[in-house]
Amino acid sequence: MEEEIESNAASGANLLGVKSWFAYARVGLLALVLFGVALPTAFQIGTISALVVFIGSALFVGYRILLLRSVQVYYDDTGVWVYSGVLPWKKGRHGVLWRDVDSATYIQSFWSWSTRSYSVRVGHRFTKVSEINETNIANGQEVAGRINGLHQEMLRSGRAS
């Protein structure tokens with residue numbers, strides 16, 4: 040699963056995880072409601088209103104899909120990061136430096152186990168404000184385990200101090 044990230048992150052960054060298919064299921068349900076209920080209702084009102092609902096729904100669903108695709112959990116020599124954003128003013132990354140990582144955990148439930156879609160938390164030693172909390176990460180249990188292993192490796196080598 041570890042691979043070089045193309046252009047969204049700094050050079051030398053290694054991809055740990057992305058959103059799982061289960062995150063897209065919600066967008067699919069939203070699209071079903073918008074195109075299956077709202078659009079036919081708008082057609083009963085008029086063609087112009089149906090056109091407005093169709094364009095608005097297509098833009099909203101398209102944006103939500105692109106937003107989910109933009110989320111990447113990765114690491115580099117300095118820490119663990121999450122990159123996300125579609126629009127220029129919303130693009131960015133946040134994360135935790137290796138020296139400040141407390142631990143990485145994932146939340147288990149029947150749904151997360153059955154869908155292989157876990158919530159991943161990378162804790163900060165000193166504050167909860169700078170933590171990474173991402174939902175619906177594909178194989179999040181492996182992501183958390185990899186982060187913890189890398190953190191231990193950084194501590195042993197003295198690179199996380």
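40 is the number of the first residue of the sequence shown in my numbering; add one for each residue after it. Just so you know, even glycine gets a beta-carbon here, dropped at the ideal spot from N, CA and C. Values in this document were obtained by computation on a predicted structure and should not be read as measured data.
Buried/exposed call for residue i, threshold 16 Cβ in 10 Å
{"i": "V72", "result": "exposed"}
{"i": "V57", "result": "buried"}
{"i": "H133", "result": "exposed"}
{"i": "S123", "result": "buried"}
{"i": "Y102", "result": "exposed"}
{"i": "S153", "result": "exposed"}
{"i": "G188", "result": "exposed"}
{"i": "L68", "result": "exposed"}
{"i": "A64", "result": "exposed"}
{"i": "V121", "result": "buried"}
{"i": "L54", "result": "buried"}
{"i": "V110", "result": "buried"}
{"i": "V182", "result": "buried"}
{"i": "S151", "result": "buried"}
{"i": "V91", "result": "exposed"}
{"i": "S196", "result": "exposed"}
{"i": "G184", "result": "exposed"}
{"i": "S59", "result": "buried"}
{"i": "A201", "result": "Nothing about residue 201 can be read from this structure; the chain reaches only from 40 to 200."}
DSSP beta-bridge partners of residue i
{"i": "L136", "result": "G118"}
{"i": "G131", "result": "S123"}
{"i": "V182", "result": "Answer is none; V182 lacks a bridge partner."}
{"i": "S156", "result": "A177"}
{"i": "N172", "result": "R160"}
{"i": "T211", "result": "Since the first and last residues shown for the chain are 40 and 200, residue 211 lies out of range."}
Assumed close pair residue i, residue j - CB separation to whole angstroms, cut-off 8 Å
{"i": "V100", "j": "I186", "result": "V100 to I186, Cβ: 32 Å. No contact."}
{"i": "A199", "j": "H190", "result": "7 Å"}
{"i": "I104", "j": "V66", "result": "6 Å"}
{"i": "G51", "j": "D115", "result": "5 Å"}
{"i": "A89", "j": "L78", "result": "6 Å"}
{"i": "A62", "j": "L107", "result": "5 Å"}
For this session: List in chain order: all unbroken alpha helix (DSSP H) runs of 4+ residues lying wholly within the region 55-115.
Result: 60-72, 78-84 and 86-109
For this session: Taking 8 Å as the threshold, find out whether the region 139-153 comes into contact with the region 161-174 through three or more Cβ pairs.
Result: Contact between the region 139-153 and the region 161-174 is present, with at least three C-beta pairs closer than 8 Å.
For this session: Give a yes or no on contact between the region 143-161 and the region 169-187, applying the rule of three or more CB pairs nearer than 8 Å.
Result: yes
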